[in-house]
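Taking it in order: structure first as structure tokens, then the write-up.
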Amino acid sequence: MSFAYDKLMGGKNGLTGFIILAILILIVFPLLLDSFRLNLVGKYLTYAFAAVSLVLLWGYGGTLSLGQGIFFGLGGYAMAMFLKLEASSPENTAIQSTPGIPDFMDWNQLTELPWFWEPFSSFTFTLVAILVIPALFAYIIGSAMFKRRVGGVYFAIITQVIAVILTVLIVGQQGFTGGINGITDLRTLNGWDITSDSAKNIFYYVNCFLLLGVIIASRYILTSKFGRLLLAMRDKEDRVRFSGYDVANFKIFIFCFAATISAIGGAMFTLQVGFMSPSFVGIVPSIEMVIFAAVGGRMSLIGAVYGTLLINFGKTAFSESFPELWLFLMGGLFIAVVMFFPNGLAGLWQDYGHYITDRFKSVKNLFVKPASATKATTVENS
Amino acid sequence: MLTNNTDYTLAIEDLTVSFDGFKAVDNLNFYLDKNELHVVIGPNGAGKTTVLDLICGKTKSTSGSIKFLNKELTKLSEHAIVREGVGRKFQTPSIYENLTVLENLEVSYPRGRGVFGSLLFKRDQAVMEKIYDIAQQIMLDEEMHTEAGVLSHGQKQWLEIGMLLIQDPQLLMLDEPVAGMSVKEREQTAELLNKICQGRSVLVIEHDMEFVERIAHKVTVLHQGKILAAGDMETVQKDPKVVEVYLGH
Ligand SMILES: Nc1ncnc2c1ncn2[C@@H]1O[C@H](COP(=O)(O)OP(=O)(O)O)[C@@H](O)[C@H]1O
Ligand SMILES: [Mg+2]
């Protein structure tokens, strides 16, 4: 019990923050929002997976990836390939010159399903692929970089370049990938209509539970010796190396784990939004993910979720009225956060949150036990 | 390499490293016994730190051999050398400022050194006992939960020594361990070093002659990457070559 309490929740303060977030996304949002808006929030929450992954990789690991869109995209595309194959049954595609293959392949004069699409007709394979392929890809990149002690700015640039290459590849190989439009017109999951309101509602909750699960798993990592080693490496990498640790292996692992988390978000994106396209893979989404984490607080798993929600609410509100201003506003916000609030929203809460909780406590104490007003500082830990 | 085994803990033979033609360590031969506390002195730029860098794998040698308990180190990676039993303290205190004293020692505890080992590592009885034992030796048992960043300079030096001691290395290398310490702290450090050289070999780089006199079993003077003199403190201090290098031209 105490193990679960300390390790997974991060003690009393961590637990409070976790429960507040769970109540907000599992109860408050569904009560307040209609199903269109709830689906929108569900979409935002899929980005939160990538933001959480950056808390681990960048906040704690000190390694900035400007390519988390790569992994978000791999997860999203894997799911989309499965759904697309199901939507392309011979009956559904009888009017094509080659029935039984996805429509965009038919338009591109393909007459046969490419070999790497074949296994994605299995749902089990697809689920495994969503978790494993991004991790494998991250392992290859990570080994090549970290074993050679490439890090910092170089690593950030290289991940960015890979994101660009992947986007170009997807756009260029239209027949295999659906090109710039992506993979669209997804309908059913094992025969179940995914476009219905009830399906979207269920996906929203599945997404929430997965996100909360990812936060718990990440907390476990951060509270273990591994987590302290991450902080130690960020501070004095050589000291860690000369204490007998193979530093590269630790970086590779956290990069792979971050990749898998992002991919889960991508897969949930496809399910909730109903398509996947290269515009969620490249530079812009990858940088946006970094901004979500920075604004929420790059040392706070839960803060990263709030950062994601806040920026996306802002983006939706602003880009409706002033679309051209939004990018500048977001850029400005990012610079302001980095310069003045390096710990983002979570940092603000840590520094000033007790003013709010104190007031709340003192109001409560007026009613409950007026004699013993205790000073309390509730701090959201990680 | 020839397999001429020795009884020495450390046997360095014909070791040379050249940085773009500049030989920072030049054909060095050096032996270290078990239970020996050996101090290397020499003017700035003599190559003292570079020798430690070569032993612990931070710098790769150009030629020569470094044998630790008859095992060749020059081909091993840094973490493998540490796991063989070589611990090294850096010239500027190198500790994890954001972690507490306890966490600094825990992170250095030689178990759970792999990725999965560290994920499953448990702070059990044995770990805590060892941490408290070391903390007492380095006089930081009252500061267990203090963030290392706020320790005094001297305490940081001790903490780093403790982080090495917890790994129980057979060879302990300390680069200027009393730099920036008060007189009292120097005395305490000398006591500490005299205690911890039991059962292992200690190699210390130091400038402070008074301190060297107090701890050294043997002294080697390094100058321009070469050994100028070696022996006990008295002999070395009287050596005219040493006097010349130290007292001027
Ligand atoms: N990695 C390196 N590249 C080039 N020159 C170096 C390197 N490391 C040390 N040196 C040079 O080698 C000489 C010895 O340095 P060092 O071992 O730090 O001396 P000290 O005896 O003061 O510890 C110095 O002249 C230094 O500039
Ligand atoms: Mg030096």
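Respectively, the protein sequence lines represent chains B and R.
Mapped onto the working numbering, the consecutive letters of the first sequence carry residue numbers 1242 to 1623.
Mapped onto the working numbering, the consecutive letters of the second sequence carry residue numbers 224 to 472.
Quick reminder that beta carbons are idealized off the backbone N, C-alpha and C, glycines included.
Please read all numbers here as calculations on a predicted model, not as lab measurements.
- Query: Should B/Arg1480 go down as buried or exposed, given a rule of 16 or more other Cβ atoms within 10 Å for buried?
  - Reply: By the neighbour-count rule (16 or more Cβ atoms within 10 Å), B/Arg1480 is buried.
- So, are the CB atoms of R/Asn327 and R/Met386 less than 8 Å apart? A contact, by the Cβ cut-off of 8 Å.
- Query: To which residues of the same chain is B/Leu1368 closer than 7 Å at the C-beta, ignoring the five residues directly before and after it?
  - Reply: Taking C-beta separations shorter than 7 Å and ignoring five residues to either side along the sequence, B/Leu1368 has no partners in its chain.
- Task: Report the three-state DSSP secondary structure of R/Arg423 (helix, strand or coil).
- Result: It is coil, neither helix nor strand.
- Message: Considering only heavy atoms of ligand 2 and the C-beta of each residue, which residues fall inside 7 Å, strictly closer?
- Response: Those residues are R/Lys271, R/Thr272, R/Gln314, R/Asp398, R/Glu399, R/Ile428, given in chain order.
- Message: To the nearest angstrom, how far is the alpha carbon of R/Asp455 from that of R/Met432?
- Response: The alpha-carbon atoms of R/Asp455 and R/Met432 are separated by roughly 13 Å.
- Task: Rounded to whole angstroms, what's the CA-CA distance from B/Phe1313 to B/Val1373? Just pull it up for me.
- Result: Cα to Cα, the separation comes out at about 13 Å.
- Task: Tell whether a beta-carbon distance below 8 Å holds between B/Ser1288 and B/Met1517.
- Result: Checking the sequence, you will find Tyr at residue 1288 of chain B rather than Ser. Taking 8 Å as the cut-off, the Cβ atoms of B/Tyr1288 and B/Met1517 do not count as close.
- Answer yes or no: does any C-beta atom of chain B fall closer than 8 Å to that of R/Pro400? By this cut-off, R/Pro400 is not an interface position.
- Item | Residues near B/Ser1613 in its chain [Cβ-Cβ closer than 6 Å; skip 5 each side] | Confidence is the limiting factor: at B/Ser1613 the pLDDT is only 40, short of 50, which leaves the residue's position unreliable, though a coordinate-based value still follows. Cβ neighbours of B/Ser1613 beyond the five flanking positions: none.
- Message: Less than 8 Å between CB atoms is the rule here; does B/Arg1460 satisfy it with respect to chain R?
- Response: B/Arg1460 does not count as touching chain R.
- Tell me where the beta strand (DSSP E) around R/Arg311 begins and ends. Counting along the chain, the beta strand (DSSP E) containing R/Arg311 begins and ends at 309-312.
- Task: Report the rounded CA-to-CA distance for B/Ile1576 versus B/Ile1552, giving the unit in angstroms.
- Result: Rounded to whole angstroms, B/Ile1576 to B/Ile1552 spans 14 Å at the Cα level.
- Item | heavy atom of ligand 1 below 7 Å from R/Gly265 C-beta | At least one heavy atom of ligand 1 sits closer than 7 Å to the Cβ of R/Gly265.
- Item | Listed by chain order, chain B residues near R/Asn321 by CB distance under 8 Å | Simply Leu1472, Asp1476.
- Under a CB-based cut-off of 8 Å, is R/Leu388 close to chain B? It does not: the Cβ of R/Leu388 has no partner Cβ on chain B nearer than 8 Å.
- Task: Give the range of the alpha helix (DSSP H) segment to which B/Gly1537 is assigned.
- Result: Run containing B/Gly1537: 1524-1537, per the alpha helix (DSSP H) assignment.
- Close Cβ partners of B/Pro1611 (< 8 Å) along its chain, the five nearest in sequence each way excluded: Because the pLDDT at B/Pro1611 is just 44, under 50, the model does not fix this residue reliably, and the value given afterwards should be weighed accordingly. Contacts found: none.
- Item | Residue range of the unbroken alpha helix (DSSP H) whose run includes R/Met386 | For R/Met386, the enclosing alpha helix (DSSP H) covers residues 376-388.
- Around the C-beta of R/His446, are 16 or more other C-beta atoms found within 10 angstroms, so that it is buried, or is it exposed? So R/His446 ends up on the buried side.
- Proximity to R/Leu260 [Cα-Cα], best of R/Thr273, R/Val442, R/Ile278: The candidate whose alpha carbon is nearest that of R/Leu260 is R/Val442.
- Within this structure, are the beta carbons of B/Gln1646 and B/Phe1345 separated by less than 8 Å? Given that chain B is displayed from residue 1242 to residue 1623, the structure contains no residue 1646 of chain B and the question cannot be resolved.
- Helix, strand or coil for R/Phe245, going by three-state DSSP, please let me know. It is a strand residue.
- Task: Look up B/Leu1451 in the DSSP assignment and say whether it is helix, strand or coil.
- Result: Of the three classes helix, strand and coil, the one that applies to B/Leu1451 here is helix, per DSSP.
- Compute the minimum distance between the beta carbon of R/Thr282 and the heavy atoms of ligand 1, and state whether it is under 7 Å. R/Thr282 Cβ: within cutoff of ligand 1.
- Message: Taking the straight line between their C-alpha atoms, what separation do you get for R/Leu233 and B/Val1402?
- Response: A direct Cα-Cα distance of roughly 47 Å separates R/Leu233 from B/Val1402.
- Hey, is B/Glu1621's beta-carbon within less than 8 Å of any beta-carbon in chain R? Low confidence applies here, because B/Glu1621 scores a pLDDT of 38, under 50, leaving its location unreliable and the question unanswered by this model.
- Message: Tell me which residue opens and which closes the alpha helix (DSSP H) that B/Thr1562 is part of.
- Response: For clarity, residue 1562 of chain B is Ser in the given sequence; the question names Thr instead. Note, B/Ser1562: alpha helix (DSSP H), 1542-1562.
- Task: Return no unless some Cβ of chain R is closer than 8 Å to the Cβ of B/Tyr1486.
- Result: It does: the Cβ of B/Tyr1486 has a partner Cβ on chain R nearer than 8 Å.
- Task: Report yes if the C-beta distance between B/Val1629 and B/Ile1532 is below 8 Å; otherwise report no.
- Result: Absent from the model: residue 1629 of chain B. The displayed extent of chain B is 1242 to 1623, so no value can be given.
- Could you tell me the boundaries of the alpha helix (DSSP H) in which B/Phe1290 lies? Unbroken alpha helix (DSSP H) run through B/Phe1290: 1276-1295.
- Message: I want to see whether chain R comes within less than 8 Å of B/Arg1469, judged by CB atoms only; does it?
- Response: With 8 Å as the cut-off, B/Arg1469 counts as an interface residue toward chain R.
- Query: Going by C-alpha distance, which of R/Gly448, R/Val444, R/Leu426 is nearest R/Lys461?
  - Reply: It is R/Val444.
- May I ask whether a heavy atom of ligand 1 can be found less than 7 Å away from the beta carbon of R/Gly244? No; taking the cut-off as 7 Å, the Cβ of R/Gly244 has no heavy atom of ligand 1 nearer than that.
- Message: Using a Cβ-based criterion (distance less than 7 Å to any ligand heavy atom), does R/Gly268 qualify as near ligand 1?
- Response: Because some heavy atom of ligand 1 lies under 7 Å away, the Cβ of R/Gly268 counts as near it: yes.
- For R/Lys257, the three-state DSSP class (helix, strand or coil): DSSP places R/Lys257 in coil when its eight states are reduced to three.
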